[in-house]
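Structure record follows, encoded as structure tokens.
In the UniProt record's numbering, the protein residues as written are 30 to 652.
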């Protein structure tokens, strides 16, 4: 081994050393400048080559010895390896059974590990952890947290997933797991129901704060409709007592610290009293609906809207009795037609508003409000009818100035107040229009009848003047309000009928005062077989000239020949209309007289001297 280690060192081969030596000798020979050196160069080279070869032989001898040593070592190693191989073969033959057994055990171990993994996966998939079991079973009265719902969700998931096993050959395991999960679900739902019921009972404050966990509980309980319904009923019962207590407190105690003041303190003001009660209930109804929407916001089952309506109706039902008693007291006290009408409109408004928020859910409350609305409306119209009956029982004579009577003025003031309150109400348009028609019929028809009966004993002009004034006052009152067009048209027709009477009376008054009335009537009634007009009594030239003299005085100052009744008219426009149209009648009558006088058949001599003005001139002077 030492020789082998020695051979490991790098050695220069003999050939290399010979070449190197020759090169050096050659280089030295180049320096020989003497002739002798050049002649002995070959001998030196040969001697040197011989020395090198001898050295080469010596070195290779050493190499040979080293190789022989290595060969011996290799032979020894070969013997060792052969021995080792023989031993290994023997050992292999001896341990073959052990290896086979070990391989079998390893395979079995691998199979067991796989089965263990499958079992763990199965348990993880179809079984709950001990913590989850504890959460679901819990303790009586213990709190429910979000982890409970996660565990419950896992139970439901396992219950659904285990159905896969029923389609395999593992039906027995599947049925057992399904039964176990079903029992756990029922236990969990029962615990959740008890907890939710307890939470709902605690919601007795006016400001109801529905927790997120309670919302989740309602979402979970929707899978158990009976428990879900019982929980909603419990919530409704708790909130009903809270709303009733809050309403009574608002009536008698007021708000915290006395603000706002108790509603009962305004009982002397019927409109505010009723309005405050209805406003409180409106706010409470809207709030209870919001509480229910918050409670059921995660519920996806059908009929949630109906559930909310039903519970809101149950909650608000408790306040109906105290509300009805108080509003009935106000209405039956008969505070006056105007206040009754305002209360009726207020009730109608809140009925419409509350039904718009909760639909028909608060059925009992809406029914109560509707009953009170109908009662107030009935008392209101009874009050109007009573007022109308009083008008007819004691009819006043027209005042000396032929203006509206005090009864008419008072009734129109009442009507104006009623219509003004109706006009400013927020009742729906169609309902307001129907009420308007009924109110107008209840008031105007008796008024018209009263005025007609009152004026029945007056002269024609006086009666027409009184009726025009009365109708004009009715018209101006109604003109301020909507839905009165049909009544205004009717009043206008009646006014025009009485205006025609006044126009004819004024024209007749003028013709009579100027002496043309007899002449005009005679001319209209004259027949050709009666002879000429000039031959008839009081129609000769002298009589006509006397009448024309009076007519000229009228033309110079027509305002001096106005009926006294015209000065009693309330409307200057109506008065001007009467004067204008009556003047047209006078002009027409003068035109007929002028045509008759100018007609040669009537035998008037020099008719131009009798009637020196043409109808056009008269019309111009009077226009």
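Cβ atoms here follow ideal geometry from the backbone N, Cα and C, with glycine treated the same way.
All figures in this text were calculated on a predicted structure; none of them were measured in a lab.
Assumed close pair residue i, residue j - CB separation to whole angstroms, cut-off 8 Å
{"i": "residue 272", "j": "residue 348", "result": "6 Å"}
{"i": "residue 492", "j": "residue 534", "result": "So it is not a contact: roughly 10 Å between Cβ atoms."}
{"i": "residue 213", "j": "residue 173", "result": "Rounded, the Cβ-Cβ distance is 15 Å, inconsistent with contact."}
{"i": "residue 363", "j": "residue 435", "result": "Contact doesn't hold; Cβ gap of about 23 Å is too wide."}
{"i": "residue 576", "j": "residue 543", "result": "6 Å"}
{"i": "residue 356", "j": "residue 401", "result": "5 Å"}
{"i": "residue 15", "j": "residue 313", "result": "Residue 15 lies beyond the range of the chain shown here (30 to 652); nothing can be said about it."}
{"i": "residue 229", "j": "residue 264", "result": "4 Å"}
{"i": "residue 607", "j": "residue 531", "result": "5 Å"}
{"i": "residue 327", "j": "residue 235", "result": "Residue 327 to residue 235, Cβ: 24 Å. No contact."}
{"i": "residue 621", "j": "residue 549", "result": "7 Å"}
Close beta carbons around residue i, own chain, < 7 Å, minus the five adjacent residues each side
{"i": "residue 569", "result": "563"}
{"i": "residue 405", "result": "360, 369, 372, 373 and 376"}
{"i": "residue 635", "result": "none"}
{"i": "residue 541", "result": "none"}
{"i": "residue 288", "result": "none"}
Burial state of residue i (16 or more Cβ within 10 Å)
{"i": "residue 319", "result": "exposed"}
{"i": "residue 305", "result": "buried"}
{"i": "residue 180", "result": "buried"}
{"i": "residue 490", "result": "buried"}
{"i": "residue 101", "result": "exposed"}
{"i": "residue 522", "result": "exposed"}
{"i": "residue 409", "result": "buried"}
{"i": "residue 358", "result": "exposed"}
{"i": "residue 341", "result": "buried"}
{"i": "residue 260", "result": "buried"}
{"i": "residue 40", "result": "Residue confidence is low: residue 40 scores 49 on pLDDT, short of 50, so the model does not pin down where it sits. No coordinate-derived value is stated."}
{"i": "residue 106", "result": "exposed"}
{"i": "residue 282", "result": "exposed"}
{"i": "residue 9", "result": "What the structure shows of the chain is the stretch from 30 to 652, and residue 9 is not part of that stretch, so it cannot be assessed."}
{"i": "residue 471", "result": "buried"}
{"i": "residue 59", "result": "The predicted model places residue 59 with a pLDDT of 49, which falls under 50 and marks its position as unreliable; any figure quoted below should be read in that light. By the neighbour-count rule (16 or more Cβ atoms within 10 Å), residue 59 is not buried but exposed."}
{"i": "residue 317", "result": "buried"}
{"i": "residue 241", "result": "exposed"}
{"i": "residue 427", "result": "buried"}
{"i": "residue 61", "result": "Low per-residue confidence applies at residue 61: pLDDT is 49, beneath 50, and the placement is therefore not dependable, though the value from the model is reported in the following sentence. Its Cβ having fewer than 16 others within 10 Å, residue 61 is exposed."}
{"i": "residue 484", "result": "buried"}
{"i": "residue 631", "result": "buried"}
{"i": "residue 136", "result": "exposed"}
{"i": "residue 463", "result": "exposed"}
{"i": "residue 629", "result": "exposed"}
{"i": "residue 141", "result": "exposed"}
{"i": "residue 138", "result": "exposed"}
{"i": "residue 87", "result": "exposed"}
{"i": "residue 301", "result": "exposed"}
Own chain residues within Cβ distance below 8 Å of residue i, not counting five before or after
{"i": "residue 367", "result": "443, 446, 447 and 450"}
{"i": "residue 323", "result": "239 and 244"}
{"i": "residue 55", "result": "In this prediction, residue 55 scores a pLDDT of 49, lower than 50, which makes its location untrustworthy; no coordinate-derived value is stated."}
{"i": "residue 547", "result": "567"}
{"i": "residue 420", "result": "436, 440, 475, 476 and 479"}
{"i": "residue 414", "result": "471"}
Cβ neighbours of residue i in the same chain (closer than 6 Å, five flanking residues each side left out)
{"i": "residue 309", "result": "279"}
{"i": "residue 623", "result": "640 and 644"}
{"i": "residue 648", "result": "616"}
{"i": "residue 257", "result": "250 and 251"}
{"i": "residue 580", "result": "543"}
{"i": "residue 315", "result": "386"}
{"i": "residue 509", "result": "none"}
{"i": "residue 465", "result": "512"}
{"i": "residue 224", "result": "173"}
Counting only runs of 4+ residues fully inside the stretch 352-436, write out the alpha helix (DSSP H) ranges in chain order.
366-387 and 392-422
Taking only runs of the alpha helix (DSSP H) that begin and end inside the stretch 464-525, which ones reach a length of at least 4 residues, in chain order?
489-507
What runs of the beta strand (DSSP E), each 3 residues or longer, lie entirely inside the stretch 559-635?
none
Taking only runs that begin and end inside the stretch 316-344, name each unbroken alpha helix (DSSP H) of 4 or more residues, in chain order.
none
Can you list the beta strand (DSSP E) stretches of 3 or more residues lying completely in the stretch 73-136, in chain order?
none
Can you check the stretch 220-269 for any alpha helix (DSSP H) of at least 4 residues that lies completely inside it and give the ranges in chain order?
241-250
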